[in-house]
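Structure, as structure tokens:
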Ligand SMILES: Cc1ncc(C[n+]2csc(CCOP(=O)(O)OP(=O)(O)O)c2C)c(N)n1
């Protein structure tokens, strides 16, 4: 959209005023603020995303922000929404929303996408500067091709509205259960810890790492810049991407990825010696693709093992040695926290977290069942 900012959305003012008076929900995915991004532009992303936080406070609307949104860890975000959607009380309250305002797309949470598809909305607005389709289920009624910052700047002032929902207190039960399920050296435990301990930048690999980090973080005081390669969601090139990200800032970078993803890009470990800032590669080694325990593929036997999970029995210790990286394989969650905090201060370290291949699926099944207060069924 062109033209002077004050005129750009003027014809939408009455529609906006009508929308703002309803029970609304703000969902935030990956927010592209510019069509052509330069590395320097990325620096401002978290400040720009803050405007969405302020809008949600002003409207009294709940905020459900994906881990890629740069506001996921903000206290205003209902950070455990993905798992809380298992909880009937939380979902019923959320379903009282009448209108949806979404910024960006590529939502990691399948439960949130399903909720959006199933809800009968009175109106749905989607704001993103790129004209591409971000609405796989055709729910959007008004698509605004502009940056969230321009959209928000041009909104007519509305008086601050009281919040219409009890979602923050309804989410508490989920948050407590998450704490209980994240005390051991497991993929859940490590992701939960990492979301608190990480400093600087975090690049999250595809498959389970992206999903777990979207589920298990807690609100933070210190800003963390989060990156992910969502889209086709390939598990290739992740170490090289993380290294590229580390080159853009004078602060530590963490790369979190699965073992199969690490094997797909093993040669990129050779790049890491050139890092000038602390760099930590955390590999969740569950001996293959554990995501397949939770996808609609054969449930067991040769078909699952040979064609999907593909166990390899490998350890990364000698790879770290070969490429001159520090290496730790912690035996407890406390040892992980100590090794990780130390690794954030200096050098390049590969931390290998060895876990049984079934554990993450069992943990997520049990957590989901506890939230639904029923016997478990495998889902992510
Ligand atoms: C380039 C590429 N090849 C194959 C796939 C299909 N795929 C999706 S997830 C996955 C397994 C990933 O395993 P891992 O990195 O160990 O993560 P986990 O599932 O254990 O979390 C595979 C092979 C893909 N997404 N991209």
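Residue numbers (the working numbering): -17 to 362.
Beta carbons: idealized from backbone N, C-alpha and C, even for Gly.
(message) When you measure from the CB of residue 228 to every non-hydrogen atom of ligand 1, does any distance come out below 7 Å?
(response) Reading the chain shown from its first residue, position 246 is the one you call residue 228. Outside the cutoff, so no.
(message) Looking at residue 223: is its Cβ nearer than 8 Å to the Cβ of residue 163?
(response) The residue you call residue 223 lines up with position 241 of the chain shown. The residue you call residue 163 lines up with position 181 of the chain shown. Result no, Cβ atoms of residue 223 and residue 163 do not sit closer than 8 Å.
(request) Please report the Cβ distance between residue 54 and residue 350, rounded to the nearest whole angstrom; I am assuming they are in contact, meaning their Cβ atoms lie under 8 Å. (result) Working through the chain shown from its first residue, we reach residue 54 at position 72. Working through the chain shown from its first residue, we reach residue 350 at position 368. Wrong, their Cβ atoms sit about 21 Å apart, outside the cutoff.
(request) In angstroms with no decimal places, state the Cα-to-Cα distance between residue 232 and residue 259. (result) Taking the chain shown and counting its residues from 1, the one referred to as residue 232 is at position 250. Taking the chain shown and counting its residues from 1, the one referred to as residue 259 is at position 277. Each residue's Cα considered, the two are about 6 Å apart.
(message) Looking at residue 199: is its Cβ nearer than 8 Å to the Cβ of residue 89?
(response) Sequence index remark: in the chain shown, residue 199 carries index 217 (1-based). Sequence index remark: in the chain shown, residue 89 carries index 107 (1-based). No.
(request) With DSSP as the reference, please indicate the residues paired to residue 124 in a beta bridge. (result) Along the chain shown, one-based indexing puts residue 124 at 142. Its beta-bridge partners are 107.
(message) Which same chain residues end up closer than 8 Å to residue 313 when comparing Cβ atoms and leaving out the 5 residues on each side of it in sequence?
(response) Within the chain shown, residue 313 is the residue found at index 331, counting from 1. Within the same chain, residue 313 has close Cβ partners 167.
(message) Measuring straight from C-alpha to C-alpha, what distance separates residue 246 and residue 118?
(response) Along the chain shown, read from residue 1 onward, the residue named residue 246 stands at position 264. Along the chain shown, read from residue 1 onward, the residue named residue 118 stands at position 136. The straight-line gap from Cα to Cα measures roughly 29 Å.
(message) Considering Cα atoms alone, identify which of 289, 61, 243 is closest to residue 177.
(response) As a working mapping, residue 177 is identified with position 195 in the chain shown. Nearest of 289, 61, 243 to residue 177, Cα basis: 61.
(request) Identify every residue that forms a DSSP beta bridge with residue 12. (result) Here residue 12 is taken as the residue at index 30 of the chain shown, counted from 1. Paired residues: 87.
(request) Return the CA-CA distance between residue 169 and residue 279, expressed in angstroms with no decimal places. (result) As a position in the chain shown, residue 169 is number 187, starting the count at 1. As a position in the chain shown, residue 279 is number 297, starting the count at 1. The straight-line gap from Cα to Cα measures roughly 22 Å.
(message) Please state the DSSP three-state secondary structure of residue 207.
(response) Within the chain shown, numbered from 1, the residue matching residue 207 stands at position 225. If DSSP states are grouped into helix, strand and coil, residue 207 belongs with the strands.
(request) Please classify residue 140: does DSSP put it in a helix, a strand, or coil? (result) Position 158 of the chain shown, counted from the first residue, corresponds to residue 140. Collapsing the DSSP output to three states places residue 140 in coil.
(request) Work out the CA separation of residue 299 and residue 94 for me, nearest whole Å. (result) Position 112 of the chain shown holds residue 94. Position 317 of the chain shown holds residue 299. Going by the C-alpha atoms only, they are around 38 Å apart.
(request) Compute every distance between the C-beta of residue 242 and the non-hydrogen atoms of ligand 1, then say whether any falls below 7 Å. (result) Locating residue 242 in the chain shown gives position 260, counting from the first residue. True, at least one ligand heavy atom lies under 7 Å from that Cβ.
(message) In chain order, what are the residue ranges of uninterrupted beta strand (DSSP E) at least 3 long that sit wholly in the region 185 to 260?
(response) 206 to 210, 235 to 240
(request) Using only the heavy atoms of ligand 1, determine whether one of them is closer than 7 Å to the beta carbon of residue 217. (result) By 1-based counting over the chain shown, the position of residue 217 is 235. Yes, the beta carbon of residue 217 sits closer than 7 Å to at least one heavy atom of ligand 1.
(message) Just checking residue 273 against ligand 1 - is the residue's beta carbon closer than 7 Å to any of the ligand's heavy atoms?
(response) In the chain shown, counting from the first residue as 1, residue 273 sits at position 291. Residue 273: yes, Cβ under 7 Å from ligand 1.
(request) Please report the residue range of the beta strand (DSSP E) in which residue 331 lies. (result) Position 349 of the chain shown, counted from the first residue, corresponds to residue 331. Here the beta strand (DSSP E) through residue 331 covers 330 to 336.
(message) For a test of your reading of the model: does the CB of residue 239 fall under 7 Å from any non-hydrogen atom of ligand 1? Yes or no.
(response) In the chain shown, residue 239 corresponds to position 257, counting from 1. The answer is yes for residue 239.
(request) Following the continuous beta strand (DSSP E) through residue 131, name the residue where it begins and the one where it ends. (result) Taking the chain shown and counting its residues from 1, the one referred to as residue 131 is at position 149. Bounds of any beta strand (DSSP E) do not take in residue 131; it lies within the alpha helix (DSSP H) bounded by 130 to 135.
(request) Using a threshold of 8 Å, state whether the C-beta atoms of residue 325 and residue 306 are closer than that. (result) By 1-based counting over the chain shown, the position of residue 325 is 343. By 1-based counting over the chain shown, the position of residue 306 is 324. In this structure, residue 325 sits away from residue 306, with a CB-CB distance that is not shorter than 8 Å.
(request) Along the alpha helix (DSSP H) that carries residue 309, what are the first and last residues, could you check? (result) Position 327 of the chain shown holds residue 309. If you look at residue 309, you'll find it isn't in any alpha helix (DSSP H); it sits in the beta strand (DSSP E) that goes 308 to 310.
(message) Could you check if residue 363 belongs to the surroundings of ligand 1, using beta carbon to heavy atom distance under 7 Å?
(response) What the structure shows of the chain is the stretch from -17 to 362, and residue 363 is not part of that stretch, so it cannot be assessed.
(request) Using 7 Å as the cut-off, classify the Cβ of residue 338 as near or not near the heavy atoms of ligand 1, replying yes or no. (result) Within the chain shown, the letter at position 356 stands for residue 338. No, the beta carbon of residue 338 sits no closer than 7 Å to any heavy atom of ligand 1.
(request) Taking all protein chains shown into account, decide if residue -5 is buried (16 or more other Cβ within 10 angstroms of its Cβ) or exposed. (result) The count along the chain shown starts at 1 and reaches residue -5 at position 13. Exposed is the call here.
(request) Between the Cα of residue 189 and those of 152, 135, 211, spot the shortest distance and give me the residue it belongs to. (result) Taking the chain shown and counting its residues from 1, the one referred to as residue 189 is at position 207. Comparing Cα-Cα distances from residue 189 to each of 152, 135, 211, the minimum goes to 211.
(request) Just the C-alpha distance for residue 161 and residue 155, rounded to the nearest angstrom, thanks. (result) Reading the chain shown from its first residue, position 179 is the one you call residue 161. Reading the chain shown from its first residue, position 173 is the one you call residue 155. Going by the C-alpha atoms only, they are around 10 Å apart.
(request) Would you list the one or two residues that DSSP bridges to residue 301? (result) Working through the chain shown from its first residue, we reach residue 301 at position 319. Residue 301 pairs with nothing; no bridge assigned.
(request) Go to residue 149, then tell me how far its alpha helix (DSSP H) extends in each direction, as first and last residue. (result) Within the chain shown, numbered from 1, the residue matching residue 149 stands at position 167. Start and end: 149 to 163.
(request) Measure how close the beta-carbons of residue 105 and residue 86 come, nearest whole angstrom, since I'm counting them as under 8 Å. (result) The sequence position of residue 105 within the chain shown is 123, counting from 1. The sequence position of residue 86 within the chain shown is 104, counting from 1. About 18 Å separates the two Cβ atoms, so there is no contact after all.
(request) Can you check DSSP and say which residues form a bridge with residue 265? (result) Counting from one through the chain shown, the residue named residue 265 turns up at place 283. Residue 265 is bridged to 239, 334.
(request) Tell me whether the beta-carbon of residue 207 lies closer than 8 Å to the beta-carbon of residue 183. (result) Position 225 of the chain shown, counted from the first residue, corresponds to residue 207. Position 201 of the chain shown, counted from the first residue, corresponds to residue 183. With a cutoff of 8 Å on beta-carbon distance, residue 207 and residue 183 are scored as near each other.
(request) State buried or exposed for residue 120, treating a residue as buried only when at least 16 other CB atoms are found within 10 Å of its CB. (result) Working through the chain shown from its first residue, we reach residue 120 at position 138. So residue 120 ends up on the exposed side.
(message) Let me confirm a value: residue 44 is counted as buried when at least 16 other C-beta atoms fall within 10 Å, else exposed. Which label applies?
(response) Sequence index remark: in the chain shown, residue 44 carries index 62 (1-based). By the 10 Å Cβ count, residue 44 comes out buried.
(request) Flag residue 189 as yes when its Cβ comes closer than 7 Å to any non-hydrogen atom of ligand 1, and as no otherwise. (result) On the chain shown, residue 189 is found 207 positions in, with the first residue counted as 1. Result yes, Cβ under 7 Å from ligand 1.
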